[in-house]
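Residue numbers (my numbering), protein chains in the order written: chain A, 414 to 687; chain B, 2 to 576.
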């Protein structure tokens, strides 16, 4: 399910639907001459508002629909393609519904939340368009499991080699094996690096301690540490990219929920003070 | 010192494998190094970790390089050891056993805590899965949902219920009745200037939740608002069923909520007969492009109060007035002035008679006493220069004059040469009865002569139509109607136009007949005013001259009886 296929899916069928919706709404908006300034309380305002609210709920429903790949109502690709294009159309329809009236109130809060949801969705779309390629580039044909096994093998070699060396070197290297972690917490995963990586520290130590000439054992040890460092860098980048494919959802989904709450508040309050 | 070392390996099946090693050494060295007597190949062990030495037949364990060794659980630098003692170096347990054959020292060495599997421990340390970072999207989402809903909807709503202010009566314009609603953030837009007075008191207008603002709420503060058209004749234009809200849109910002766009009026007035076939109103869409000529409301029959507004100022013939008055504007404002009885020749200005009211909207009424009497005193007899006829009532004039002449007939001394001698006698001489009767007859005929002569009827006829009236002892003056509102359906403010000379609009200087209607034609106004979309004229919309709610028509309040009544809600004392 590559990104391109979602956007050009079925020869832009859903782009055409979205453009049609935007075109009809815009023409009505321009032709409409309401009493006072255009706003959400005219017949067109109520119509555009109802369409917008329906779109919001339907777009949010995608979160439930996507969990079953084979649903009863259309293919998931249809849903995703329509989700993207109708989501963008919503921005325009809802803006017309507002009549460009903004203020420090809960109605503009709903508008801002909707924009936040759309923006995070756009970021997600961008991530989905870039990260899969970066992921396979970074992996270079190796799976994460293979890279992990390679690190484990290296660890074994490194430990054995270090045992033949002086106690301090052995200790630094042993500690580096014991303490090197991959993706400890959310921020580490997100950054894709570990500036305090014990393996890098051990590599520096072995490099420095070696002075001008390195013994064969030290050279072997250093070579393995450098290789391990490279694998760690790739694995951390791998996690970062995989997280990138999900992390925007940590904004997109909670903001969607906040938006739905604000939508309920918006609808209830405008009729509370009708 | 002969040493036997037994390396013990436990098998997964439960048994043990023992590899024995014999050597002879003065010192038993333990360490990671291959050169050690007992090699302990583990990262947790130093290259040279410890050694067992014999001093005076006793065995001692000595830790090296500042390290420590555990002897029976105690970390020590050095200690004497005996058979059965348990030493620990890194993950190895070393037991000093009872010496076996030939050996002086027998040690068993067992690895008790082997290294973890590298892969397993790496995986155990790492968090490779991106959903393991400890934040649940679902939890976060529901938290956001509940937080937003509570903050902007539920808490303000509950707070409103508990404050329970209900309807707020501010018809007395008393600000102390206002509240500060906890729902300020619900406000969809700023209030108009005039309603901004309410501040945050939503309940002033929004009386009942989930019910649109009712007309009765509007008319409770605006009780004098009348209909646009007679609701009994033109029901469609009375807007009786349409809420005030449908035209007056609140929360749209600071500008007025009264509509001023001409399209709003033209919507019906561009083709009014299709809405009301019986209407006499003409169609209109734009002041400059499509507006009927000004049709003044002129008196046709003053006595019967018949007004007519068939003709426009631009029509030929022009509309004529039948006010019952004879007046020549030209004579009064001529350039060479007029003769004032006391001041001599004076120049009259329009403003000598036509004075606008304090609001500057319309002109104050013209009255004989204020505007004519200065020059036109109603003296009837040169013998009585101080006596003037009262204005406006011929019968009163008749009795006034007859009183004057009866008195002089009784008193005598009347200096008029043509009068009979009995009147010219010395004053206050006693009359005989026949003389008295003659004098009275003279008084009566003199009164009638004056009434019907130059100084009676003649003076009146200078300005009024005077007709004989058989039912009355005297003639009668036809009633007069002086227009105060030539265009009763329009408003005009003189004050706004006071930079313009009166003659620009009113052709008084050339008017010699009171039948002339001295109102301007629409073209006069159009020389400055255009329609709403004018670019080189003053843009003027319908409501610049016309009102939507027509004064004098039935009040809109009267057919909104179903709306909540303010009187019912307001406390009786009203204080």
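Backbone N, C-alpha and C define an ideal beta-carbon position, used for all residues, glycine too. None of these values were measured; they are calculated from a predicted model.
Residue i - containing alpha helix (DSSP H), residue span
| i | result |
| --- | --- |
| residue 121/B | 119-126 |
| residue 632/A | 629-685 |
| residue 571/A | 557-576 |
| residue 277/B | Element bounds for residue 277/B: n/a, residue is neither H nor E. |
| residue 580/A | 580-592 |
Exposure label - residue i; buried when at least 16 CB within 10 Å
| i | result |
| --- | --- |
| residue 204/B | buried |
| residue 451/A | buried |
| residue 529/B | exposed |
| residue 188/B | buried |
| residue 536/B | exposed |
| residue 471/B | exposed |
| residue 386/A | Absent from the structure is residue 386/A, since the part of chain A shown begins at 414 and ends at 687. |
| residue 256/B | exposed |
| residue 575/B | Annotation note: pLDDT 31 at residue 575/B (below 50); position unreliable, coordinate value reported separately. When all chains shown are included, residue 575/B counts as exposed. |
| residue 562/B | Confidence at residue 562/B is low in this model, with a pLDDT of 44, below 50, so the placement of that residue should be treated as unreliable; the coordinate-derived value is given next. Residue 562/B should be labelled exposed. |
| residue 384/B | exposed |
| residue 369/B | exposed |
| residue 513/A | exposed |
| residue 524/A | buried |
| residue 234/B | exposed |
C-alpha gap between residue i and residue j, whole angstroms
| i | j | result |
| --- | --- | --- |
| residue 503/A | residue 495/A | 11 Å |
| residue 32/B | residue 48/B | 5 Å |
| residue 513/B | residue 246/B | 52 Å |
| residue 615/A | residue 585/A | 6 Å |
| residue 94/B | residue 12/B | 17 Å |
| residue 425/A | residue 431/A | 10 Å |
| residue 325/B | residue 354/B | 19 Å |
| residue 461/B | residue 478/B | 8 Å |
| residue 527/A | residue 228/B | 44 Å |
| residue 533/A | residue 492/A | 18 Å |
| residue 601/A | residue 594/A | 10 Å |
| residue 151/B | residue 674/A | 9 Å |
| residue 566/B | residue 221/B | Low local confidence applies: a pLDDT of 37 at residue 566/B is under 50, so the model's placement there is unreliable, with the coordinate-based value given in what follows. Spanning the two alpha carbons is a distance of roughly 7 Å. |
| residue 484/B | residue 457/A | 49 Å |
| residue 444/B | residue 410/B | 6 Å |
Residue i - DSSP class collapsed to helix/strand/coil
| i | result |
| --- | --- |
| residue 59/B | strand |
| residue 530/B | strand |
| residue 109/B | strand |
| residue 31/B | strand |
| residue 509/A | helix |
| residue 585/B | There is simply no residue 585/B to check, as chain B begins at 2 and stops at 576 in what is shown. |
| residue 488/B | coil |
| residue 530/A | helix |
| residue 138/B | helix |
| residue 477/B | strand |
| residue 12/B | coil |
| residue 525/B | helix |
| residue 554/B | coil |
| residue 356/B | coil |
| residue 453/B | helix |
| residue 364/B | strand |
| residue 309/B | strand |
| residue 89/B | strand |
Beta strand (DSSP E) segment containing residue i, residue limits
| i | result |
| --- | --- |
| residue 476/A | Taken as a continuous stretch (DSSP letters only), residue 476/A belongs to no beta strand (DSSP E), being part of the alpha helix (DSSP H) at 456-478. |
| residue 71/B | 70-72 |
| residue 17/B | 17-25 |
| residue 345/B | 345-347 |
| residue 79/B | 79-82 |
Per-residue contacts from residue i into chain E (C-beta, under 7 Å)
| i | result |
| --- | --- |
| residue 44/B | No chain E is present in this structure, whose protein chains are A and B. |
Residue i CB to nearest heavy atom of the ligand GDP below 7 Å
| i | result |
| --- | --- |
| residue 220/B | Absent from the structure shown: the ligand GDP. Ligands present: none. |
Item to check | chain B contacts made by the segment 547-572 of chain A, where a contact means CB separation under 9 Å | outcome: Listed by position along the chain: 557, 561, 562, 564, 565, 566, 567, 568, 569, 572.
Next on the checklist: By the 7 Å beta-carbon criterion, what residues does the segment 137-164 of chain B contribute toward chain A?
Outcome noted: 138, 141, 142, 143, 145, 146, 149, 150, 153, 154
Checklist entry - Between the segment 630-650 of chain A and chain B, which residues of the former have CB atoms less than 7 Å from a CB of the latter, in chain order? => result Taken residue by residue, none of the segment 630-650 of chain A has a beta-carbon sitting less than 7 Å from a beta-carbon on chain B.
Checklist entry - Taking any Cβ of chain B, which residues in the segment 609-624 of chain A have a Cβ under 7 Å from it, in chain order? => result none
Checklist entry - Taking any Cβ of chain A, which residues in the segment 189-216 of chain B have a Cβ under 8 Å from it, in chain order? => result 189, 190, 191, 203, 207, 210, 211, 212, 213, 214
Item to check | Interfacial residues, the segment 473-487 of chain B to chain A, with Cβ spacing under 8 Å | outcome: none
Item to check | Short-range partners of chain A found in the segment 9-41 of chain B, where Cβ spacing is below 7 Å | outcome: 33
Checklist entry - Mind listing which residues of the segment 101-120 of chain B have their C-beta closer than 7 Å to chain A's C-betas, in chain order? => result 119, 120
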